[in-house]
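Visitor: This structure is in structure tokens; I'll ask about it shortly.
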Amino acid sequence: MMFGLLKGLGVTLRQIPKKNVTLQYPDVKPDWPDRFRGVHKFYPEKCIVCNQCARVCPTSCISLSGTRGEDKKMHIETYDINFEICILCDLCTEVCPTEAIQMTDTFELAEYSRDALFKNIEWLAENGRQHDARKGKSDDQANHDAKAADKAGEQ
Amino acid sequence: MAELRTEEMLLNVGPQHPSTHGVLRVVIKLDGEIIREATPVIGYLHRGTEKLSEDLQYQQIIPYFDRLDYISAMLNNHAIVNAVEKAMDIEIPERAEYLRVIVGELNRTAAHLLFVGAYLLDLGAMSPFLYVFMTRERIIELLNEISGARLTYNYMRVGGVKYDAPPGWFAKIREFIPYFKEMYQLFDDLITGNEIFISRVKGIGSYGQEEAINYGLSGIPLRSTGFKWDLRKNKSYSVYDRFDFEIPVGTNGDNYDRYYLHLLEMEQSMRIVEQAIDSIPEGPVMGKAPKILRIPAGEYYAAVEGAKGELGVYIVSDGKDKPYRMKIRRPSFVNLQIIPSLLKDQNIADFIAILGSIDIVLGEVDA
Amino acid sequence: MFEWLNQPFTPMTVLGMVIGGVIVLSVILLVVAYSIYAQRKILAAMHLRIGPNRVGPFGLFQSFADILKLLLKEDIVPAKADKAMFLIGPMITYVPSFMVLAVIPYTATHLFTAELNVGVLYYIALSSISVIGVVLGAWASNNKYSIIGGLRSAAQLISYEIPLALSILGVILMAGSMNIVEIVEAQKNMWFIVPQIIGFSVFIIAAMAELSRVPFDLPEAESELVAGYSTEYSGFRFAFYMLAEYVYITAMGGLAAALYLGGWEGPLLPGWAWYGIKAGLFIFLTFWLQGTFPRIRNTLLMTFSWKVLIPISILNIILTAIIKIAVA
Amino acid sequence: MTEESKETTVKPSAETAVNTETQPKEEQPDPKKEAAQKVLDRIRGLIVQELGDHVLEDALLMKHQPTFVVKRDHWLQTVQLLRHHDALGFDYPEAMAGTDYPANGYIEVILYVYSMNHNELIAVKTRTPRDNAELQSLSYVYQGLNWEEREIYDLVGVKFTGHPDLRRIMMPEDYEGHPLRKDFSVWKE
Chain A
27 MMFGLLKGLG VTLRQIPKKN VTLQYPDVKP DWPDRFRGVH KFYPEKCIVC NQCARVCPTS
87 CISLSGTRGE DKKMHIETYD INFEICILCD LCTEVCPTEA IQMTDTFELA EYSRDALFKN
147 IEWLAENGRQ HDARKGKSDD QANHDAKAAD KAGEQ
Chain B
35 MAELRTEEML LNVGPQHPST HGVLRVVIKL DGEIIREATP VIGYLHRGTE KLSEDLQYQQ
95 IIPYFDRLDY ISAMLNNHAI VNAVEKAMDI EIPERAEYLR VIVGELNRTA AHLLFVGAYL
155 LDLGAMSPFL YVFMTRERII ELLNEISGAR LTYNYMRVGG VKYDAPPGWF AKIREFIPYF
215 KEMYQLFDDL ITGNEIFISR VKGIGSYGQE EAINYGLSGI PLRSTGFKWD LRKNKSYSVY
275 DRFDFEIPVG TNGDNYDRYY LHLLEMEQSM RIVEQAIDSI PEGPVMGKAP KILRIPAGEY
335 YAAVEGAKGE LGVYIVSDGK DKPYRMKIRR PSFVNLQIIP SLLKDQNIAD FIAILGSIDI
395 VLGEVDA
Chain C
1410 MFEWLNQPFT PMTVLGMVIG GVIVLSVILL VVAYSIYAQR KILAAMHLRI GPNRVGPFGL
1470 FQSFADILKL LLKEDIVPAK ADKAMFLIGP MITYVPSFMV LAVIPYTATH LFTAELNVGV
1530 LYYIALSSIS VIGVVLGAWA SNNKYSIIGG LRSAAQLISY EIPLALSILG VILMAGSMNI
1590 VEIVEAQKNM WFIVPQIIGF SVFIIAAMAE LSRVPFDLPE AESELVAGYS TEYSGFRFAF
1650 YMLAEYVYIT AMGGLAAALY LGGWEGPLLP GWAWYGIKAG LFIFLTFWLQ GTFPRIRNTL
1710 LMTFSWKVLI PISILNIILT AIIKIAVA
Chain D
5 MTEESKETTV KPSAETAVNT ETQPKEEQPD PKKEAAQKVL DRIRGLIVQE LGDHVLEDAL
65 LMKHQPTFVV KRDHWLQTVQ LLRHHDALGF DYPEAMAGTD YPANGYIEVI LYVYSMNHNE
125 LIAVKTRTPR DNAELQSLSY VYQGLNWEER EIYDLVGVKF TGHPDLRRIM MPEDYEGHPL
185 RKDFSVWKE
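Protein chains in written order, with the working numbering: chain A, 27 to 181; chain B, 35 to 401; chain C, 1410 to 1737; chain D, 5 to 193.
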């Protein structure tokens, strides 16, 4: 009659010597896989202002503007993502023809004010620089290549 | 002695209550500790997914489906892409179908694991919840690796899936399966045989087959009555007909059956995953699908077996690239309806045990 | 070796009593603080987590940080609460929990503790006062969850006091005394856990219920009743309830060690260390159970007490009496 | 029902029917479609036989899906027949939805019912004028439709007569308007 209870007690006792599975979070950061979808990074020089990302965004959190420069090409001027409503669905990076907008493994988005969640082009570009530095350019290139390969596979 | 004056007490459980799994509110009328009437009040998490869908293209709807039953987002993904593909007669590559099955079944296992943990937490046991999270974490990591997100995957596309499996992914699943079996044994030892647990769930909250069918229940709440009904077998979609798996059913339709079926189903899901990774064909993962999806005008209904039951999508299209009307048949919403009749004349101590066993997710109930 | 009860009532003895009391209480508070820490660490180990680790080395000062936080918090009294009762509730629960410590003989010399002739009776009588504080606080909160929790608490604690007392009766029969020190001394040859194994089982179960620990934590039942009787309490009044609960665990551990495990008896180590180990075992058991079991159903709870535990404990008394006569 | 609204309820059914049946016309007979047609004919026959010709407005295939358009006044009666008739036995309510067609002036309520014995899924629908939208409640036939009807009442604004507990379910009690109607706007003028 008491057998089930004792079995349960045995199970919990057996766990005590086992190795912990949790991370000391702020000291030890999780290691995200390559495809992880965190906060975006943006390469202004790559952008051709095609507006596809803004159009495909389900929550309309991207707003951008650009002007036609001397060389008859469009140049990006402002690029804002509102992370209050961004759902990190990755659709924008999927449609981007030049890979100007990509996702990083930055996942900490807590801010003290809502205004701070409004990320502009400088912030996104800086995030990109930091991410590239962190990952190493070669690593990023590999990631980029893998993504390109994936894209090729899709078509 | 004068007649003792007694009063019924109205107790408002939720929307902020630890065991209502989100923001469900149940107003219960108590006579002592006996529930005389229970009225669920929902809508606290209503985000208007159906209305939002009317303004979104089909590929944009997929991330919204992630957020319905957010603990089994892969299966939700499957529901919407399956519905659109059926409506448009899109064939998808075999490999994509297999990948869908694999991620779907992994996600189903994760969702069932969470049920087991949360249910035991409702019943006052803390440890199973954490053991469940340990196991679930491995699955979430696998899904994170293939889709890039831990919870809201947005992985499936009309015409296939977004990514092929990363290198070494199948090997990792193969590693995971023995670990899962070990943990499964642990849950079985820790929970299933526990006399205290059994006394709280056995024979409590039971209903019959006919009642279940009349209420339109699906998934485990229906199967717990012994009715063999699983869309993966009964209305086979995707490539489920190629795998050898069982549909476990209960006998009494009580809390215990509902709990135990979750365990048994996880085992079957892992069986499917095992077979699928052994027999997955090579090839592309994205088939031919138009860039802008337009469903021919008409009305379509297609359902898949979600983690909670039949997850159906009804689309009215007027030929444009956005649905004219979309109705989501959310299993949690339908299953929750049986709660008032189940709770009537039960002891309040069983309230949480019954509510928890129905396995609802409020994101899905309120949509 | 102080004979408190036989000393003349002079300023010096009063000072001695006060100093003794303060020392015992601080030691107990320390024990309580670290049993909370131990609880969290043990549960964390069972869950393969790390547990508290931020305040001090290995989180050793976590409990003090918690207490400090609770003391600094605003003392909120709900607008519709019965204010006087609401404020008194925690005291009524808390004061007896410290008073029972007077009869726990943690050393052979029972330093600073009273060698009471009716020690067991004193413990049971005082500890049952605490439930009044719980019910009072619950009722005064004017919260439905609190009332249900409080009434459950009353029903449970009253029901389980009987098997608890009856199971101790077996020990009293064996030792022939209600003085806890004499009970310990009667175990020189054999710990009472051996002849009183049935009584011990009943005692452990009833003790868990008396302490409202898992699997009998119905009065609090956080997944059903939010926090039961303490739902509306915050700040240091809440701390008093919690403190009372943990002091009782320590005291009950001490009682179990004294009644069944031979008290301070043991080789090599000093008496108080043995006492600590034995009481610690009991405390570990409560946390172990907490890490393993779900909560019992409340209807079953009553049935279990009246239909299972009480008959068994009565049977135990009869058996003990028969054995005692047979041996004599 | 006014004379005018009656007219509008009848007309557009043909239009939707045409839309869905155009694609596979030229091809060889589709076995799936033929099977569905068989089911459609059999059930239509049974309904007509039991309740007469006048209850059905239309019976058509919506891409392999037998669909019956029932007149509003015979809604409950028809569904009851579908539920209780031995040869039909549609005992499992799968889904129910209301759709607003402001252009046509009606709201369409569709019900998918499944027969566990015969393994058949059919759709039954009916139409009610937009203003003063009202339908007989099915919640006594299928208990599972209780909340579905409340949801349709809440979001589309169809009143179900005879419903035991017709309250708003998603929106707050004092909410005005029905969000899933096409002319709904959150921006108050």
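Built from N, CA and C at the ideal position, the CB exists for glycine as well.
Going by Cα to Cα distance, which pick from D:Asp34, D:Glu54 and D:Ala101 is closest to Tyr157 (chain D)?
Guide: When only C-alpha atoms are compared, the closest one is D:Ala101.
Visitor: By the 10 Å Cβ neighbour count, where 16 or more other Cβ atoms means buried, how is Asn1598 (chain C) classified, buried or exposed?
Guide: So Asn1598 (chain C) counts as exposed.
Visitor: For the beta strand (DSSP E) containing Gln140 (chain D), name the first residue and the last one.
Guide: Note, Gln140 (chain D): beta strand (DSSP E), Glu138 to Gln140.
Visitor: Residues of the segment 44-56 of chain A in Cβ contact with chain C at a cutoff of 8 Å, in chain order, please.
Guide: The segment 44-56 of chain A vs chain C, Cβ under 8 Å: Lys44, Lys45, Asn46, Val47, Thr48 and Gln50.
Visitor: Grouping DSSP H, G and I as helix and E and B as strand, with all else coil, what is Phe144 (chain A)?
Guide: Correct three-state label for Phe144 (chain A): strand.
Visitor: Could you tell me whether the Cβ of Asn228 (chain B) comes closer than 8 Å to any Cβ of chain A?
Guide: It does; some Cβ of chain A falls within 8 Å.
Visitor: Can you tell me which of the three DSSP states Asp45 (chain D) falls into?
Guide: Reduced to three states, the DSSP call for Asp45 (chain D) is helix.
Visitor: Under DSSP, the beta strand (DSSP E) around Met43 (chain B) begins and ends at which residues?
Guide: Run containing Met43 (chain B): Met43 to Val47, per the beta strand (DSSP E) assignment.
Visitor: Could you give the DSSP three-state label for Gly102 (chain D): helix, strand or coil?
Guide: Gly102 (chain D): strand per DSSP, three-state reduction.
Visitor: Out of B:Ser181, B:Pro365, B:Ile247 and B:Thr54, which one is the CA nearest neighbour of Val399 (chain B)?
Guide: The candidate whose alpha carbon is nearest that of Val399 (chain B) is B:Pro365.
Visitor: Are the C-beta atoms of Asn248 (chain B) and some chain D residue less than 8 Å apart?
Guide: For Asn248 (chain B), the answer is yes, since a Cβ of chain D falls inside 8 Å of its Cβ.
Visitor: Output yes if chain C places a C-beta closer than 8 Å to the C-beta of Leu114 (chain A); else output no.
Guide: Chain C, which has no Cβ nearer than 8 Å to the Cβ of Leu114 (chain A), makes this no.
Visitor: For Leu64 (chain B), which residues in the same chain have their Cβ closer than 8 Å to its Cβ, ignoring the five residues on either side in sequence?
Guide: Glu42, Met43, Leu44, Leu45, Arg70 and Ile382, listed in sequence order.
Visitor: Considering only the beta carbon of each residue, do Gly1663 (chain C) and Tyr1515 (chain C) sit closer than 8 Å?
Guide: Going by C-beta atoms, Gly1663 (chain C) is nearer than 8 Å to Tyr1515 (chain C).
Visitor: Output, in chain order, the set of chain B residues within a Cβ distance shorter than 8 Å of Ile1705 (chain C).
Guide: What Ile1705 (chain C) touches in chain B: Ile230, Ser233 and Arg234.
Visitor: Can you tell which of B:Ile394, B:Gly343, B:His296 and B:Asn178 has its C-alpha closest to the C-alpha of Ala99 (chain D)?
Guide: Checking every option, the nearest Cα to that of Ala99 (chain D) belongs to B:Gly343.
Visitor: According to a CB-to-CB cut-off of less than 9 Å, which residues of the segment 356-387 of chain B neighbour chain C?
Guide: Within the segment 356-387 of chain B, the qualifying residues are Asn381, Ile382, Ala383, Asp384, Phe385, Ile386 and Ala387.
Visitor: Contact criterion: CB-CB distance below 8 Å. Does Ser53 (chain B) meet it with respect to chain C?
Guide: Chain C contact via Cβ: present.
Visitor: Suppose you measure from the CA of Cys83 (chain A) to the CA of Leu117 (chain A); what does that come to, to the nearest Å?
Guide: Roughly 7 Å separates the two Cα atoms.
Visitor: What does DSSP give as the partner residues of Ser89 (chain A) in its beta bridges?
Guide: Ser89 (chain A) pairs with A:Asp106.
Visitor: What residues from chain B crowd round Thr130 (chain A), counting only those whose CB sits closer than 8 Å?
Guide: Here the premise fails: no neighbours, minimum Cβ distance about 11 Å.
Visitor: Would a check of beta-carbon distances place Pro324 (chain B) closer than 8 Å to chain A?
Guide: It does not; no Cβ of chain A falls within 8 Å.
Visitor: List the residues of chain C that Gly34 (chain A) touches, going by C-beta distances under 8 Å, in chain order.
Guide: Per Cβ cutoff of 8 Å: Thr1701 and Phe1702.
Visitor: Taking the alpha-carbon of Pro330 (chain B) as reference, which of B:Ile314, B:Val235 and B:Glu119 has the nearest alpha-carbon?
Guide: Residue B:Glu119 is the option with its Cα nearest to Pro330 (chain B).
Visitor: Of all the options C:Leu1545, C:Ser1555 and C:Val1623, which has the alpha carbon lying nearest to the alpha carbon of Phe1696 (chain C)?
Guide: Of the candidates C:Leu1545, C:Ser1555 and C:Val1623, the one whose C-alpha sits nearest the C-alpha of Phe1696 (chain C) is C:Val1623.
Visitor: Using a Cβ cut-off of 8 Å, which residues of the segment 152-173 of chain B contact any Cβ in chain C, in chain order?
Guide: Listed in sequence order: Leu154, Leu155, Asp156, Leu157, Gly158, Ala159, Met160, Ser161, Leu164, Tyr165 and Met168.
Visitor: Within the 8 Å Cβ cut-off, does Leu117 (chain A) reach chain C?
Guide: So no, Leu117 (chain A) is outside the interface.
Visitor: Does the beta carbon of Leu45 (chain B) sit closer than 8 Å to a beta carbon anywhere in chain C?
Guide: Yes, contact with chain C.
Visitor: Within the 8 Å Cβ cut-off, does Gln78 (chain A) reach chain C?
Guide: Not one chain C Cβ lies under 8 Å of Gln78 (chain A).
Visitor: Are the CB atoms of Met31 (chain B) and Ile211 (chain B) nearer to each other than 8 Å?
Guide: Any property of residue 31 (chain B) remains undetermined from this structure, which presents chain B solely from 35 to 401.
Visitor: Can Asn248 (chain B) and Tyr146 (chain D) be called in contact, C-beta distance under 8 Å?
Guide: Yes, these two residues count as a Cβ contact at 8 Å.
Visitor: Could you give the distance in angstroms between the alpha-carbon of Thr24 (chain D) and the alpha-carbon of Pro70 (chain D)?
Guide: Residue placement at Thr24 (chain D) is poorly supported in this model, since its pLDDT is 45, which falls under 50; the coordinates still yield a value, given next. Near 12 Å, if we compare the C-alpha coordinates of Pro70 (chain D) and Thr24 (chain D).
Visitor: With DSSP as the reference, identify every bridge partner of Asp53 (chain A), one or two as the case may be.
Guide: DSSP lists no partner for Asp53 (chain A).
Visitor: Please confirm whether Phe109 (chain A) has its beta-carbon closer than 8 Å to some beta-carbon of chain B.
Guide: By this cut-off, Phe109 (chain A) is not an interface position.
Visitor: Which chain B residues sit within Cβ distance under 9 Å of Pro59 (chain A)?
Guide: Near Pro59 (chain A) (Cβ distances below 9 Å), the residues of chain B are Glu175, Asn178, Glu179, Ile180, Gly182 and Pro200.
Visitor: Count the other CB atoms within 10 Å of the CB of Thr28 (chain A); is the residue buried (16 or more) or exposed (fewer)?
Guide: Going by the sequence as given, residue 28 (chain A) is Met instead of Thr. So Met28 (chain A) ends up on the exposed side.
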